[in-house]
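Chains as they are written, first to last, in the numbering used here: chain F, 10 to 427; chain W, 219 to 480.
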């Protein structure tokens, strides 16, 4: 290994490889390929959403639901109103779990100058306890609604295998109400941190429905450069490139990097936020040209998803879960060979599934584009911006800035190599 | 008073090719993880800390399947660095979900997914035991949190942990689930090691055997029952979910041998 290179280790098996002589940064990914898109071919559609959550243990619910939506699309199945609400609640839990894990255990130690998330308990016990409380309740929601949070067991195409009882929902509401306070402190904590000032100006992309702040029931892909395409046409928007130095593909839009995730969502649908989440968003005055602000965006979103989980639980308790939710089809077979697309906004951004199913109900083709595949391109470009804009600074400082940049993007390498 | 310096056991957690869900399950232990971190010294855990000490270690937990040459070499190296080597989760203990793809099929899928020019890194998704001696396997996809605590408690008490002596059926009955076999649905619960609490069946999903085949399981008897109401392809598919890289799968379904169907 040449010593003029600096390698910042990132989550999963990846590294940002910096060549100081050339002032150039390259994002290497060397996670082994699992070949999920091949793994599911020849298997029944109902195994798609069993297998693909195993792409990622940090956001398995997002994979589970995107896969379910693809199957429902191919088989023309329509979930009941309660099924959609339960899934939105499950997504809220997923977002809180993922954001909290990243914010408190991975990003915060950088800002506090600590070695690990576990050390926060010694230096800042209040922060640590609110993180544990957010984790506890979001895990509880995911386990209760999904059967199990990490790799759900109760969800299915067409609805759910099992749904919680009214008593269980009431208990869940009681717990979920408690974490509004911790979510609010999270916003204050992450508003108080000093984020590095870098103008990377990434192009931001988010799926939206233009009615509510939405991550499950989305319709279009939009960008801060005026793009508007149907989510079903994701292949027109995202072009994947193979790099010799990476087992993950890189997603580009018209040859340029794409930034997806919390900062992009707040930029493109922040005006649909309600209540306190809306206030926090206005007060934060996020700088959308600065990718480091993604951490602050995740904190604001955490509050939004806690708020939404509370609202959905109220609605479910008030109206009850309709009976159709657990009436699943006897067989998952289309009348003719069909294509299905399923998309959601996962914690880290747009997640897209496309499948083809034959009349026996077996999968014949599968394509999956994950959020981190899109973010890798923008991350590499932003790393270059950091190098270009910090020329006069000490090398140690620049190394620290690059490590924090990678953290800000919250890459999920295991998702990116699937 | 006599003061005594107790050395805490050095624990390291590594991960190979996988989803990281078992590590996330460990983080979800929350307060119990803190207790564990207090009783031991976690000296290397890429996911959760910057500290990354070299060995020797007392206990090494490995998540994931060693699919690249680098991972295989690392695994062999780590075996020499630790007293106890523990597999964490079905990818490590069985080959698991990544094991669905056979070595021979990889070439085809590399071309289809990555194109002709791509130089693949992965060789084959096999369990840790294909390369080194492993002291205990914590099965599960993902691991069950209580099992992780039980195994760690036993290791810290100086015991070598043992598997559960019963199958998933025992816990499934306790959970009050109707029997899938009686409903003519394929189930691998009767031959699968317990410890999971029958969580998948309780949620409405099938049991694909992610806890591994129990010692002394009557596999052939289960097959006789399954073939009464389902065809052999479906049965094989169930076995192929987590168990495809096990010797039992090779014995039952290997193409070179006669199909096990009577």
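For each residue, glycine too, the CB sits at the ideal point set by N, CA and C.
Checklist line | Among 325/W, 235/W, 452/W, 344/W, the one whose alpha carbon lies nearest that of residue 337/W | finding: 325/W
Margin query: So, with DSSP's three-state summary, where would you put residue 188/W?
Written below: The question about residue 188/W has no answer, for chain W in this structure spans 219 to 480.
Margin query: Give me the residue from 80/F, 164/F, 181/F with the minimum Cα distance to residue 326/F.
Written below: 181/F
Margin query: Relative to the C-alpha of residue 421/F, which candidate in 239/W, 456/W, 268/W has its C-alpha closest?
Written below: 239/W
Next item on the list: Give the DSSP bridge partners of residue 262/F, in chain order.
Entry: 265/F
Check: How should residue 223/F be labelled, buried or exposed, when 16 other C-beta atoms within 10 angstroms of its C-beta is the threshold for buried?
Finding: buried
Item checked: Own chain residues within Cβ distance below 6 Å of residue 301/W, not counting five before or after -> 276
Check: On the three-pair Cβ rule with 8 Å, is the region 239-258 of chain F touching the region 32-52 of chain F?
Finding: yes
Margin query: Going by C-alpha to C-alpha distance, which of 285/F, 309/F, 225/F sits closest to residue 352/F?
Written below: 225/F
Notebook entry, point to check: Which residues, in chain order, does the region 289-318 of chain W contribute to contact with chain F at a C-beta distance below 7 Å?
Noted result: 289, 315, 316, 318
Check: So residue 259/W is in the beta strand (DSSP E); what residue range does that whole segment cover?
Finding: 259-263
Next item on the list: Within its chain, find whatever has a CB closer than 7 Å to the CB of residue 97/F; leave out the 5 residues flanking it on each side and keep chain order.
Entry: 225, 321
Next item on the list: With 8 Å as the threshold, decide whether the Cβ of residue 236/W is near any Cβ in chain F.
Entry: yes
Checklist line | Cβ-based burial, residue 23/F [other Cβ within 10 Å; buried from 16] | finding: buried
Notebook entry, point to check: Any Cβ of chain W within less than 8 Å of the Cβ of residue 110/F?
Noted result: yes
Checklist line | Endpoints, the beta strand (DSSP E) within which residue 142/F is located | finding: No beta strand (DSSP E) holds residue 142/F; the alpha helix (DSSP H) holding it covers 134-155.
Margin query: Counting only Cβ pairs nearer than 8 Å, list the residues of chain F close to residue 286/W.
Written below: 39, 41
Note to self: 8 Å is my cut-off, CB to CB: does residue 12/F come that close to chain W?
What the structure shows: A caution first: residue 12/F carries a pLDDT of 45, below 50, which makes its placement in the model unreliable, though a value can still be read off. Output row for residue 12/F: interface = no.
Margin query: Less than 8 Å between the C-beta atoms of residue 293/W and residue 350/W, yes or no?
Written below: yes
Notebook entry, point to check: Would you say residue 360/W faces chain F, with C-beta separation under 8 Å as the test?
Noted result: yes
Margin query: Within 8 Å of any Cβ in chain F, is that where the Cβ of residue 418/W sits?
Written below: yes
Next item on the list: Could you tell me whether the Cβ of residue 47/F comes closer than 8 Å to any Cβ of chain W?
Entry: yes
Check: Taking C-alpha atoms, which residue in 366/F, 58/F, 186/F, 285/F lies nearest to residue 197/F?
Finding: 285/F
Check: Grouping DSSP H, G and I as helix and E and B as strand, with all else coil, what is residue 44/F?
Finding: coil
Margin query: Quick check on residue 275/W - is its C-beta less than 8 Å from some C-beta in chain F?
Written below: no
Margin query: I want to see whether chain F comes within less than 8 Å of residue 267/W, judged by CB atoms only; does it?
Written below: yes
Next item on the list: With a floor of 4 residues, list each alpha helix (DSSP H) that falls wholly inside the region 26-92 of chain F, ordered by position along the chain.
Entry: 45-48, 57-60, 69-84
Next item on the list: Kindly indicate the opening and closing residues of the alpha helix (DSSP H) around residue 386/W.
Entry: 386-392
Check: Taking Cβ-Cβ distances shorter than 7 Å, what residues in chain W pair up with residue 69/F?
Finding: 239
Margin query: I need the DSSP call for residue 297/W, collapsed to helix, strand or coil.
Written below: helix
Checklist line | Exposure of residue 30/F, with buried meaning 16 or more beta-carbon neighbours within 10 Å | finding: exposed
Notebook entry, point to check: Would a check of beta-carbon distances place residue 425/F closer than 8 Å to chain W?
Noted result: no
Next item on the list: Within its chain, find whatever has a CB closer than 7 Å to the CB of residue 370/W; leave out the 5 residues flanking it on each side and keep chain order.
Entry: 254
Next item on the list: Check the C-beta distance from residue 173/F over to residue 153/F and give it rounded, since I have them as a contact under 8 Å.
Entry: 6 Å
Margin query: Can you look up residue 23/F in the DSSP assignment and give me helix, strand or coil?
Written below: strand
Next item on the list: Could you tell me whether the Cβ atoms of residue 243/W and residue 114/F are closer together than 8 Å?
Entry: no
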